[in-house]
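A quick write-up on the structure given underneath.
In the UniProt record's numbering, the protein residues as written are 1 to 362.
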């Protein structure tokens, strides 16, 4: 699986969530591609005459599902399911701790603005992202790390393994503990941040750096209602927003509560399954043919793929497969008895061509 690119948690999480959606809802037969990397190859812009710039005539852009995109991408957004349900610090896991978070009341939280990340930068910070003052936006992860050294009494925005002003090293801090800060700084990586969804649950005030990519629910959240925008007016406006937050403590607390309430109501698992089901139904309305396994070299029931992932050595610990297998697989009419289909699937996967990644193979 990891040898041919199918072991990525972004893909695994989506397959698990798609399978659960197919068991909760009756889904129509459709065909689509899923892009589990950062930027889906779906660049197309709608022109004033209603046509699109997708260059591969005579067909329009095929349905490509992705967890992140920019405005020039025609991909259809789905939840970043791998981050929502698979790891120990998944959205679903953190949502169960909201009660514990409430035991650290707002007034007891640290007034430092906390951020922690690996330092790498999206392509649009090479000049394409402009600030309101007309200058090019620097990479927030890099810039805020350097800003810390002149404002260490206000912010704690260090990249992993960088040094604090006292010489100690900045190590990872569990998401289960970051609610102890009033203010959390969120920055994007190559695409959207997988932590931002989880930050919404913590009840802290989120300061979100502007970027050009967005996730499935981003159009529903609003600046100054669910978060404060930064890296927007000028490169140091993080400090301005913090000054405002500290002089408007009640309003800052309310914004954090708004974010938490939004996430709990709209990003929980039943809502994600509903969203996926509705998207599949909308795709079906535009299908001009009936998907047929006879035209595909590999066509595997999703239940068997999930069972395979849960048993295969290199993927069995990457998600909570049993949450769906135990509920649905044992009486799924598409499922083979026990693990009887495992060996055939293993051979099919390992026969696939290897994908190249940064000069190596995975």
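Glycine residues also receive a C-beta, built at the ideal position from the N, C-alpha and C atoms.
Query	Result
Which of the three DSSP states is assigned to residue 263 in this structure?	helix
Do you know how far the Cα of residue 117 is from the Cα of residue 127?	22 Å
Could you tell me which whole alpha helix (DSSP H) segments of length 4 or greater appear in the region 184-253?	196-199 and 237-247
Which of the three DSSP states, helix, strand or coil, is assigned to residue 114?	strand
So what does DSSP say about residue 3, is it helix, strand or coil?	With a pLDDT of 48 at residue 3, under the threshold of 50, the modelled position of that residue is not reliable, and the figure given next carries that caveat. If DSSP states are grouped into helix, strand and coil, residue 3 belongs with the helices.
Identify, in the order they occur along the chain, each residue of the same chain with its Cβ nearer than 6 Å to the Cβ of residue 255, setting aside the five sequence neighbours on each side.	205
Per DSSP, what kind of secondary structure is residue 166 in: helix, strand or coil?	coil
Could you compute how far the alpha carbon of residue 311 sits from the alpha carbon of residue 228?	44 Å
Does the beta-carbon of residue 163 have 16 or more other beta-carbons within 10 angstroms, so that it is buried, or is it exposed?	exposed
What number of angstroms, rounded off, separates the C-alpha of residue 321 from the C-alpha of residue 309?	8 Å
Express the C-alpha separation of residue 31 and residue 341 in angstroms, rounding to a whole number.	23 Å
Does the distance from the CB of residue 141 to the CB of residue 159 come in under 8 Å?	yes
Taking 8 Å as the threshold (beta carbon to beta carbon), is residue 65 in contact with chain D?	Chain labels in this structure do not include chain D; a single protein chain is all it has.
For the alpha helix (DSSP H) containing residue 326, name the first residue and the last one.	322-328
Is the distance from the Cβ of residue 77 to the Cβ of residue 70 below 8 Å?	no
Might you give, ordered along the chain, the residues of its own chain that have their beta carbon closer than 8 Å to the beta carbon of residue 86, omitting 5 neighbours on each side?	9, 12, 13, 16, 318, 319 and 320
Beta-carbon separation of residue 21 and residue 277 under 8 Å?	yes
Can you give me the C-alpha to C-alpha distance between residue 79 and residue 108, rounded to a whole angstrom?	33 Å
Could you tell me the boundaries of the alpha helix (DSSP H) in which residue 82 lies?	81-85
Where does residue 312 fall in DSSP's three states?	coil
Please classify residue 370: is it buried, with 16 or more other beta-carbons within 10 angstroms of its beta-carbon, or exposed?	For the chain, the structure presents residues 1 to 362; residue 370 sits outside this window and is missing.
Assuming residue 122 contacts residue 215 under a Cβ cut-off of 8 Å, what Cβ separation, rounded to an integer in Å, is found between them?	The Cβ separation is near 14 Å, so there is no contact.
How big is the Cα-Cα spacing for residue 2 and residue 315?	Caution is warranted here: a pLDDT of 42 is assigned to residue 2, below 50, making its placement in the model unreliable, and the coordinate value is therefore given only provisionally. Distance between the alpha carbons of residue 2 and residue 315: 8 Å.
Could you name the residues of the same chain whose beta carbon sits closer than 6 Å to that of residue 261, not counting the 5 residues immediately before and after it, in chain order?	none
The alpha helix (DSSP H) spanning residue 19 covers which residue range?	9-24
Please report the distance separating the alpha-carbon of residue 357 from that of residue 54.	Confidence in residue 357 is poor, its pLDDT being 41 and thus under 50, which makes the residue's placement too unreliable to answer from.
Could you check whether residue 157 and residue 113 sit closer than 8 Å to each other, using their CB atoms as the reference points?	yes
Using the DSSP secondary-structure output, state which residues sit across from residue 179 in a beta bridge.	Its beta-bridge partners do not exist; DSSP assigns none.
Under three-state DSSP, which class holds residue 343?	helix
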